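**Student:** Numbering (my numbering), first residue to last: 4 to 265.
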Amino acid sequence: MPLQSAKPDDLRLLPAIAGRAWQAIADFLLPPQCAGCGEVIEAPGALCASCWIRIDFIAEPFCDRLGIPFPFEAGEGALSAQAIAAPPAYARARAVARYDDMARRLVHSLKYKDRLECAPLMGEWMLRAGAGLVAGSDYIAPVPLYRARLWRRRFNQAALLAARISALSQVRLSEDMLGRIRSTRSQVGLNMAERRRNVAGAFAVAPKWRGAVKGANVLLVDDVITTGATIEACTKALLRAGAAQVNVLAFARVVDPVRLPV
């Protein structure tokens, strides 16, 4: 159809048609790959069937506070021994899956291999896992990176996940609510006590958010919960600034924090 005779409605379709054409060309030249094993798949940011079934999803029954799974039904609102012995500063935490081999591959693909197309699917799973927490939140805040590390990595994986959850839920994203006020060592390779010392006092609420935080319910988002040291330090910073409640949502969590994976 000549452009001269095209109707306005037809012309508005041209960008979408061109976009689909370019996507088809890109998929032909660089076909989408499974984030777990690299096998060619139909759509970007997805997993092949064999990798999907290897994800150890966390489902009820689990600790009402920490979200770690129980091996048996313990009743509504049951708490784990860990939650009773050392209650966290945050109200509740939820995660999609155990941080085992396949969940670790997904996190590493996003975090270290620039597979940004993984973030939408991971964020959708997180929204389902933490639907109750998201619904009661006023703001969604990602765990921040120190500016030097953000410059080297070029993106904050927690912020990508938080943005997807915010877009799907319409809960306001506050990407810069929290900041790291000092540089910290990488937590990889540190034991539980070292991790807590490493991040103690490392976070603060940005001045422009201090008024909004007072009395607010904040959902803190991160990719992985290991010992909980980082989210505990972030939670304390939010509570010091006057937040009414802080909940935590992660893609994966270590169920046995004594055995810390890298």
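For glycine and all other residues, C-beta sits at the position ideal for the given N, C-alpha and C. Here the structure is a predicted model, which is why all the values come from computation and not from measurement.
Taking just the CA atoms, how far does residue 95 sit from residue 238?
**Tutor:** Computed Cα separation, rounded: 11 Å.
**Student:** Between the C-alpha atoms of residue 151 and residue 160, what's the straight-line distance to the nearest angstrom?
**Tutor:** Between residue 151 and residue 160, the C-alpha separation is close to 15 Å.
**Student:** Along the chain, where does the alpha helix (DSSP H) that runs through residue 135 open and close?
**Tutor:** Counting along the chain, the alpha helix (DSSP H) containing residue 135 begins and ends at 134 to 138.
**Student:** To the nearest angstrom, report how far apart residue 118 and residue 38 are at their CA atoms.
**Tutor:** If I take the Cα positions, the gap works out to 8 Å.
**Student:** Consult DSSP for residue 195 and reduce its assignment to one of helix, strand or coil.
**Tutor:** Looking at residue 195 - three-state DSSP - the assignment turns out to be helix.
**Student:** Over the uninterrupted alpha helix (DSSP H) stretch that includes residue 174, give me the two end residues.
**Tutor:** First-last for residue 174: undefined, no H or E at that position.
**Student:** Kindly indicate which residue of 247, 199 and 198 has the alpha-carbon position closest to the one of residue 215.
**Tutor:** Residue 247 is the option with its Cα nearest to residue 215.
**Student:** Taking the C-alpha atoms as reference points, what is the distance between residue 208 and residue 176?
**Tutor:** The alpha-carbon atoms of residue 208 and residue 176 are separated by roughly 14 Å.
**Student:** Rounded to the nearest angstrom, how far is the Cβ of residue 101 from that of residue 86, given a contact under 8 Å?
**Tutor:** That belief does not hold up - the Cβ atoms of residue 101 and residue 86 are roughly 17 Å apart, past 8 Å.
**Student:** In whole angstroms, what is the alpha-carbon distance linking residue 212 and residue 199?
**Tutor:** Spanning the two alpha carbons is a distance of roughly 25 Å.
**Student:** Under three-state DSSP, which class holds residue 33?
**Tutor:** Residue 33: coil per DSSP, three-state reduction.
**Student:** Please work out which residues of its chain come closer than 6 Å, Cβ to Cβ, to residue 57, disregarding the five sequence neighbours upstream and downstream, and give them in chain order.
**Tutor:** Answer for residue 57: 105, listed in chain order.
**Student:** Can you list, in chain order, the residues of its chain whose CB lies under 6 Å from that of residue 44, leaving out five sequence neighbours each side?
**Tutor:** Excluding residues within five positions, the ones whose Cβ falls inside 6 Å are 35, 37 and 51.
**Student:** Please state whether DSSP places residue 225 in a helix, a strand or coil.
**Tutor:** Three-state DSSP puts residue 225 in a strand.
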